[in-house]
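Everything below concerns the one structure shown next.
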Amino acid sequence: MRNIPAHGRLLIVDDDLMVRMLASESLRHAGFEVSEADCGEQALEMFEEQDFDLLLLDVMMPGIDGYTVCQRLRQHERGKWLPIVMLTGLNDSDSIEQAYLSGATDFITKPINWLLLTQRVRYGLRASHAIAEVTRSQQSLAHAQRLARMGSWEWWSGDARFACSDELRQIFGGDWKLAGAATLELFLSVVRESDRAAVNAARQALLIDGQPYQITYGFCRPDGVLREVLEQAEAVRDGSGRIVKIEGFTQDISERVEAQQRIEHLALHDGLTGLANRQFFAQLVEVELERARREKSLCAILHLDIDHFKSVNDALGDAVGDQLLCALAKRLSVSVRGADLLALNPPMRTAETVSRIDGDAFTVLVLEVRTPDQAAIIAERLQQAIARPLSADDHEVVLTASVGIAVFPRDADSVETLSRHAEQALYAAKAAGPSTCRFFDEEMNAAASRKLHLENELRHAIAEDELRLHFQPKVDAASGQLAGAEALVRWQHPQRGLLGPGHFIPLAEESGLIVALGDWVLATAARHLRKWADAGLEALRLSINLASPSFLQENITQKCCDAMRCAGVSPQQLILELTESLLVVDAENTIARLNDLRASGFALSLDDFGTGFSSLSYLKRFPLDELKIDRSFVADLTKGGKDAAIALSIIELGRQFGMHVVAEGVETRAQASFLLAHGCPIQQGYLYSQPLPLDRFEALLRNGGRFDLDPSAPTP
195 MRNIPAHGRL LIVDDDLMVR MLASESLRHA GFEVSEADCG EQALEMFEEQ DFDLLLLDVM
255 MPGIDGYTVC QRLRQHERGK WLPIVMLTGL NDSDSIEQAY LSGATDFITK PINWLLLTQR
315 VRYGLRASHA IAEVTRSQQS LAHAQRLARM GSWEWWSGDA RFACSDELRQ IFGGDWKLAG
375 AATLELFLSV VRESDRAAVN AARQALLIDG QPYQITYGFC RPDGVLREVL EQAEAVRDGS
435 GRIVKIEGFT QDISERVEAQ QRIEHLALHD GLTGLANRQF FAQLVEVELE RARREKSLCA
495 ILHLDIDHFK SVNDALGDAV GDQLLCALAK RLSVSVRGAD LLALNPPMRT AETVSRIDGD
555 AFTVLVLEVR TPDQAAIIAE RLQQAIARPL SADDHEVVLT ASVGIAVFPR DADSVETLSR
615 HAEQALYAAK AAGPSTCRFF DEEMNAAASR KLHLENELRH AIAEDELRLH FQPKVDAASG
675 QLAGAEALVR WQHPQRGLLG PGHFIPLAEE SGLIVALGDW VLATAARHLR KWADAGLEAL
735 RLSINLASPS FLQENITQKC CDAMRCAGVS PQQLILELTE SLLVVDAENT IARLNDLRAS
795 GFALSLDDFG TGFSSLSYLK RFPLDELKID RSFVADLTKG GKDAAIALSI IELGRQFGMH
855 VVAEGVETRA QASFLLAHGC PIQQGYLYSQ PLPLDRFEAL LRNGGRFDLD PSAPTP
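First residue of the sequence shown: 195, per our numbering; consecutive thereafter.
Written out as structure tokens, the structure reads:
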């Protein structure tokens, strides 16, 4: 996103080694420089010695806890504006309040959503940089004002004579050519009406008691410009102690006031769109919920997320993505205050709070909902507003939004719980498909708890070696000889038994654990290759799937080389299978990474080819070694038609580009014969073997890797 720092120095403070390792991996992958501390004392020492741009601080630690560390940092001059994000397993309101009271900028509850953490860090850094810029501007302005002459004035009590300097005339913009033409009354008349009584009271008290005063007030210049000034005055007495005149100095502090207002605004608003941020939204919602309690009325939180916005942002770039988000923010703000809602019967009042809480996620508070269905009507109006075409940088984009709704007090009685339930409803809406709206129900809460529990179990499974590799053979249909294998991950769950990838891979992708999972697969596959070589078994090439987040790591080539070197295996024994979606995201960097991997000895395979939307021009440019025909084209291969035509086209493409072609999902001998006859002998599927556990695959290797391809045998 625009103006989001791509790099920054971060300090992670947590006594949990696994949390530090996972956080460091995720944030380094995002381009940040990361340091670690395992306790509060070490964090304070490192802060004294080094400069950091942001701290991730655990709450509960041995010795000094996170609250105390945060308070001490805030007492330090360098720590006054430092973004501090609390990491806490506590999500009750008292803990959250204590975090903010101790000086926290934001907080994230454990277990941590690593994708969300990266976005929080990016926007925390951007707000910090903006505040630092404003603070520097404010300091420079204060220095200039000290050097500048201030406007002065005098008023004599005997004849009510008033005189002022040219500087004062310039400040107020008045055409007071003669000193006597200005009066104290005229001077008072230009003061902003809401401040006039206080200014007059201060001056009268000075006349009566002789007490000096200092006051700030606003006024409107003749040219219509509003200004803020600081005025100081004191009485001058004669030898008998009688007040003979008042001397005053007036300084234009408009820039200082504006800078302070900007700082306060930045603390409560999103830096990109200007909408309320999560913290400010929660404060405003709390006020409205209290009102709803008193009036016994309903209100609702709508949690909106733009469908597939990441793909749009990746395709068009961050600058266009920012323009789209700003346009959406403006459209949402206008929509919730627009006549379309007031025209409802009965009309609804919406809070002026549209909040941007994360990258492409927004929240809206709707007040005085008479029935939950009315909240759904507003959600539909907002979806229609979002769906109108948007233009940004010569691109016209049509977006859709999914919406989750939670109703007060039916679904929750507090801001935190109501917001969480709206978010859970949003997850359900997104799972149902784009542009969907869902109300919260208790089953969602239970499902979220189950999902959170499973995520914790998966994290434990990676750390405690509960994962297993199964191996699906690739067979040369012409000879019946094993031609390689694909390594597929399974989870040996201690209670639920062996789980296939469908039970945990989507969760790993969503939670950010997919990178750690991919690292495990890479290292384990390399160790098995070494083990088989030591046992004297025939060397073969093993394929592993490389997920997009893993491939997009800057150090992916080094990581793959290190895994093979540690196991003592040549990179030429490993085939890295990539998905077609990588071809359309940042093609130039993708090609560079592929060239690095291929130059290091790894073979590259394009999995499920033909199911995506990649251009053949991309295929020509990408340094690939293998194409895999997706099983969806193999299923109806022998019936002719489009599937057969596509499969034959892929085989011909492979031949023309000098690539191997592998057919997936081969289940019948008719399919195998068709593919073999048309130049695709390397096949895998249940006709030959399902994915085999390690012991059975090793038995296959010991028996020479031969398959019985007797055409008279029945198809399994």
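All residues carry an ideal CB built from backbone N, CA and C; glycine is no exception.
Computed from a predicted structure; not experimentally measured.
Assuming residue i and residue j form a contact by the criterion Cβ under 8 angstroms, report the distance between their Cβ atoms to the nearest whole angstrom.
i, j, result
"Leu772", "Asp728", "Contact flag wrong, Cβ pair sits at about 30 angstroms."
"Gly598", "Leu620", "3 angstroms"
"Asp464", "Arg550", "4 angstroms"
"Phe602", "Leu492", "6 angstroms"
"Gly696", "Ser737", "Going by Cβ atoms, the distance from Gly696 to Ser737 rounds to 19 angstroms, so no, they are not a contact pair."
"Arg792", "Pro817", "5 angstroms"
"Leu462", "Gln473", "7 angstroms"
"Phe226", "Val328", "That belief does not hold up - the Cβ atoms of Phe226 and Val328 are roughly 23 angstroms apart, past 8 angstroms."
Go ahead and pull the three-state DSSP assignment for residue i.
i, result
"Val763", "coil"
"Val548", "strand"
"Thr611", "helix"
"Ser883", "coil"
"Gly712", "helix"
"Ala573", "helix"
"Met255", "coil"
"Phe241", "helix"
"Glu660", "coil"
"Cys493", "strand"
"Ile306", "coil"
"Leu211", "helix"
"Leu276", "coil"
"Phe851", "helix"
"Glu227", "strand"
"Ala619", "helix"
"Gly706", "coil"
Determine, using beta carbons only, whether residue i and residue j come nearer to each other than 8 angstroms.
i, j, result
"Ser383", "Glu422", "no"
"Arg415", "Gly367", "yes"
"Asp819", "Met853", "yes"
"Thr832", "Ala864", "yes"
"His323", "Gln747", "no"
"Val263", "Gly283", "no"
"Leu561", "Glu482", "yes"
"Gln454", "Gln426", "no"
"Leu888", "Leu663", "yes"
"Ala494", "Ala569", "yes"
"Leu770", "Leu798", "yes"
"Asp209", "Leu281", "no"
"Thr312", "Ile278", "no"
"Ala717", "Ala681", "no"
Taking 6 angstroms as the limit between beta carbons, can you name the residues of its chain near residue i, skipping five residues before and five after?
i, result
"Gly795", "Pro765, Gln766"
"Leu612", "Ile495, Ala600, Phe602, Ala606"
"Phe246", "Arg203, Leu205"
"Pro910", "Residue placement at Pro910 is flagged as unreliable, the pLDDT there being 39, under the threshold of 50; the coordinate-derived value follows with that caveat. Cβ within range, chain order: n/a, list empty."
Excluding the 5 residues preceding and the 5 following residue i in the sequence, name in chain order all residues of the same chain whose CB lies nearer than 7 angstroms to its CB.
i, result
"Ala866", "Ala671, Val860, Gln877, Leu881"
"Ile750", "Ser744, Arg787"
"Leu362", "Gly345, Ser346, Trp347, Thr444"
"Ala326", "Trp275"
Kindly identify the DSSP beta-bridge partner or partners of residue i.
i, result
"His463", "Ala470"
"Leu676", "Val669"
"Lys822", "Val856"
"Asp446", "Val423"
"Val597", "Leu498, Cys631"
"Lys439", "Trp350, Val430"
"Ala681", "Phe665"
"Ile738", "Leu770"
"Ala793", "In DSSP, Ala793 forms no bridge with anything."
"Cys358", "Trp347"
"Thr410", "Leu424"
"His647", "His647 pairs with nothing; no bridge assigned."
"Asp300", "Val279"
"Ala137", "A query on residue 137 cannot be resolved here, the shown segment of the chain reaching from 195 to 910 and no further."
Closer than 8 angstroms by C-beta to residue i: which residues in its own chain qualify, once you throw out the five before and the five after it? Chain order, please.
i, result
"Glu610", "Asn285, Ser287, Ile290, Ala476"
"Asn650", "Pro305"
"Arg900", "Gly674, Gln675, Leu676"
"Val548", "Leu469, Ala470, Ala523, Leu526, Ser527, Val530, Phe556, Thr557, Val558"
"Arg214", "Ile206, Asp208, Glu230, Asp232"
"Leu440", "In the sequence as presented, Leu is not what sits at residue 440; that position holds Ile. Around Ile440: Glu348, Trp349, Ser351, Arg397, Leu400, Leu401, Ala427, Glu428, Ala429, Val430."
Verify the CB distance criterion: does residue i have a CB-CB separation below 8 angstroms to chain D?
i, result
"Gly435", "The structure shown has no chain D; it contains just one protein chain."
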